[in-house]
Amino acid sequence: MMGHSHALSGVVGWMAVVPLVQGQEFFGVRFDLGPGEVVAGSLVCAGAALIPDLDHKNATITKTYGLATKALSALFNWLFGGHRNGTHSLLFAALMGAITQALALWSELAVQIFVFLLIGIAFNGLGLGMEKNRVASEIINALLTAGITLALFANGVDYSWMGLAVAFGCLLHFAGDIATRMGVPLLWPLSGYRVGQNIGFDTNGPAERNVVTPLLTVGVVLYSVYLFPWREMLPQV
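Using the numbering used here, you'd call the opening residue of the sequence shown number 21 and step up by one each time.
Quick look at the structure:
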C-alpha cells in the first residue's frame, strides 16, 4: 500500500484496539488510556506503520528527514536484502518494538524525541505536505509536530506502551501489504515465502484509492466520535 494508506491504518488500528486493551496488562505494560494516550498512540502507530518502508529510497518515510532518513534507508536496504524483505518480517517488528521499549525505559528525553520523529513521519504520510513548496511544508510540519509533542508532554501522557505501539504499527503495515499482490516474507530470514503474493490488489490501484483509503478515513472519523468524551471536552454553551 501507499504511505497515506499505511499511516491511516496505524491511526485506525490503534483506535480499534483501545477498547480491547483498556485496563488490561500485556507484557508487563498496563493500558490506562485517556484522550491524550489515544491521540499519542494513534500518531505514534501511524508513524510506526511507515517504518518498514524505510528500505525503499522513494518511500514517504525516506523523504521525511532529508539526508538522515536517506542514509538510514540505504542502510536498511543493505541490511535487510532490499525492498519488502527483512523489514517486512515478524523479526523486524519485534526488533523495532524492543528497541523502542528500551528507549522508553532508558530516558524520558529519548522517548519525547522519538515521539516527535514518529509524529512528523505520520503527518508526512497522512499528506501534510506541499510538493510545490517543500520548505514551507517542512516548516509547518515541524511546528505542528513540536506543538503536539509538547502538548502531549504537558498533559502527562504515559508512554509505557511505546514499544508495543511501534511493533503493532509495523504489523499493521504488513497486513496492508499482504493485501497487495507483492505480499510480504513474514518469516524472513527463515523463509522467503511471501504471504499474500499474487492474491490481493495493486498498490495505488483503483481498489486502494477508491475503497481502502476512503474506508480507513471513515474509520478514523467514527472511532474519533466513539472514543472521545466530546461533551466533557468541548466548552459548554
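Quick reminder that beta carbons are idealized off the backbone N, C-alpha and C, glycines included.
Here the structure is a predicted model, which is why all the values come from computation and not from measurement.
Per DSSP, the bridge partner or partners of residue i
i	result
Val49	Phe46
Val215	Val204
For residue i, the three-state DSSP class (helix, strand or coil)
i	result
Met150	For Met150, the pLDDT reaches just 49, beneath the cut-off of 50, and the residue's location in the model is therefore unreliable, although a value from the coordinates is still provided. It is coil, neither helix nor strand.
Phe143	helix
Phe100	coil
Phe265	The shown model of the chain, from 21 to 257, leaves out residue 265, and the question about it has no answer.
Ala166	helix
Ile81	helix
Trp250	helix
Tyr179	coil
Gly54	coil
Glu161	Reading the sequence as shown, one finds Asn at residue 161 and not Glu. Three-state DSSP puts Asn161 in a helix.
Proximal residues to residue i (C-beta, below 7 Å), its chain only, five neighbours per side dropped
i	result
Thr169	Gln132, Val135, Phe136, Ile139
Gly117	Gly183, Leu184, Val186, Ala187
Tyr85	none
Leu236	Ser25, Leu28, Ser29, Val32
Thr321	Past the boundaries of the shown model lies residue 321; the chain is included only from 21 to 257, so the question cannot be answered.
Cβ shell of residue i (< 8 Å), same chain only, five flanking positions each side left out
i	result
Asp222	Thr200, Arg201, Glu228
Met150	Here the model assigns Met150 a pLDDT of 49, short of 50, so the residue's position is not dependable, and the following value carries that caveat. For Met150, where only same-chain residues beyond five positions count, the Cβ hits under 8 Å are Ala156, Ser157.
Thr165	Phe136, Ile139, Gly140, Phe143
Ile160	Leu148
Reference residue i, options the options, closest by Cα
i	options	result
Arg104	Met116, Gly86, Leu74, Thr80	Leu74
Leu242	Ala113, Val31, Val231, Gly189	Val31
Ala69	Asn144, Asp52, Lys90, Gly56	Asn144
Leu95	His76, Val38, Gly196	His76
Val275	Leu125, Leu92, Phe112	Only positions 21 to 257 of the chain appear in the structure, and residue 275 is not among them; the question remains open.
Ala171	Leu210, Pro55, Cys65	Pro55
Gly102	Ala162, Gln44, Ala79	Ala79
Residue i vs residue j beta-carbon contact at 7 Å
i	j	result
Thr107	Phe100	yes
Val215	Val231	no
Cys190	Pro72	yes
Val177	Ala60	yes
Leu247	Val58	yes
Ser29	Leu192	yes
Sequence-distant residues of the same chain with beta carbon closer than 6 Å to residue i, five excluded per side
i	result
Ser93	Leu74, Lys77, Thr82
Trp34	Gly61, Ser62, Cys65
Ser180	Val49
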